[in-house]
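Working notes, structure below.
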Amino acid sequence: REVLEKTAAQTRQGRGTCVGRRFPGVEVRIIRPVDGPIASLTQAEILPAREIGEIIVKSSSVTREYFENVEGTRLAKISDGDCCWHRIGDMGYLDHDGLLWFCGRKAHIVETGNGKLYSVCCEAIFNNHPRVYRSALVGFGSRPRQTPAIVVEPEEGGFPLSPTDETQFRSELIQLAEASDLTHEIREVFFHPSLPVDTRHNVKIDREALAEWAAQRRMVSPGQ
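For what it's worth, my numbering labels the leading residue of the sequence shown as 278, then goes sequentially.
In structure tokens:
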């Protein structure tokens with residue numbers, strides 16, 4: 278109820294998705310993201326409230342290692358005395374009220390010459406359009422010089438069926454992007470009838486497959 282009443286509007290503004298407060302016995306920290314392993318918590322930079330970083334958690338249920346996976350353990354676990362922290366692979370922040378906000382997966386960051394774009398934050402801006410069912414942020418090229426783009430799955434019956442409608446729809450989405458500091462760099466929009474999802478959960482967007490699809494579309498119709 279607290280999330281619905283106090284944070285929904287902020288989510289629509291691109292502030293991320295509030296996932297609530299931590300459970301008793303669970304500690305949450307936000308650290309400066311690092312691509313490689315972090316052996317000890319003393320090597321991690323703890324970030325202040327409202328600054329987006331990598332989410333790590335500690336509790337009695339956090340395992341110290343993966344079975345027969347030394348490299349996976351090095352990348353996911355951070356030693357802290359007799360305990361360890363788990364790097365969950367998500368980006369987010371803690372606000373001044375202690376609420377945890379989710380901004381997207383670390384692997385889904387799009388990094389341009391002007392900084393990092395977080396999937397959940399950027400997609401929320403486009404999802405405000407009444408014809409958008411959902412959207413996905415993708416990037417072309419290599420970090421840190423990627424070109425960002427958004428792939429939109431329209432609501433049922435909302436897919437543009439004519440070039441004129443497609444141009445108008447795209448123009449409206451770009452106007453939404455330009456109005457937000459989070460998305461003003463996004464100038465390329467693609468329409469997909471049904472975003473691909475992973476076979477395991479059948480709900481998580483398969484962003485790797487979608488990025489490949491968008492790259493192919495971009496070659497056929499550059500400047501969309």
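Glycine included, each C-beta is placed from N, C-alpha and C at the ideal position.
Is it true that the CB of ALA326 sits closer than 8 Å to the CB of ASP372? Residue 372 sits at position 95 when you count from the first residue of the sequence shown. Residue 326 sits at position 49 when you count from the first residue of the sequence shown. Yes, Cβ-Cβ distance for ASP372 and ALA326 is below 8 Å.
What does DSSP give as the partner residue(s) for TYR395 in the beta ladder? To locate residue 395, count along the sequence shown from 1; it is residue 118. For TYR395, which the question treats as bridged, DSSP gives no partner whatsoever.
Rounded to the nearest angstrom, what separates ILE355 and THR476 at their Cα positions? By one-based count along the sequence shown, residue 355 stands at place 78. By one-based count along the sequence shown, residue 476 stands at place 199. Each residue's alpha carbon lies about 30 Å from the other.
Keeping to the same chain, check which residues put their C-beta closer than 7 Å to that of CYS360; ignore five residues upstream and five downstream. Within the sequence shown, the letter at position 83 stands for residue 360. Only LYS335 meet the Cβ criterion.
Which runs of the alpha helix (DSSP H) fall wholly inside the stretch 401–489 and span at least 4 residues, in chain order? 440–455
Give every residue of the same chain whose Cβ lies closer than 6 Å to the Cβ of PRO314, excluding the five residues on either side of it in the sequence, and list them in chain order. Locating residue 314 in the sequence shown gives position 37, where the first residue counts as 1. Excluding positions up to five away in sequence, the list reads ARG351, LEU352.
Beta-carbon gap between ARG309 and CYS398 smaller than 8 Å: Taking the first residue of the sequence shown as position 1, residue 309 is located at position 32. Taking the first residue of the sequence shown as position 1, residue 398 is located at position 121. Going by C-beta atoms, ARG309 is not nearer than 8 Å to CYS398.
Helix, strand or coil: how does DSSP classify GLY291 here? The residue given as residue 291 occupies position 14 in the sequence shown. Of the three classes helix, strand and coil, the one that applies to GLY291 here is coil, per DSSP.
Pull up the DSSP beta-bridge partners for ARG306, would you. Translated into the one-based positions of the sequence shown, residue 306 becomes position 29. Bridge partners of ARG306: ILE333.
Quick check on GLY381 - is its C-beta less than 8 Å from some C-beta in chain C? Protein chains in the displayed structure number just one, and chain C is not present.
In chain order, what residues of the same chain have a beta carbon less than 6 Å from the beta carbon of TYR521, not counting five sequence neighbours either side? In the structure displayed, the chain extends from 278 to 501; residue 521 sits before or after that span and is not available.
Stretch pair the stretch 434–450 + the stretch 471–487: three plus CB contacts closer than 8 Å: no
Reducing DSSP to helix, strand and coil, say where ARG351 ends up. The residue given as residue 351 occupies position 74 in the sequence shown. Three-state result, ARG351: helix.
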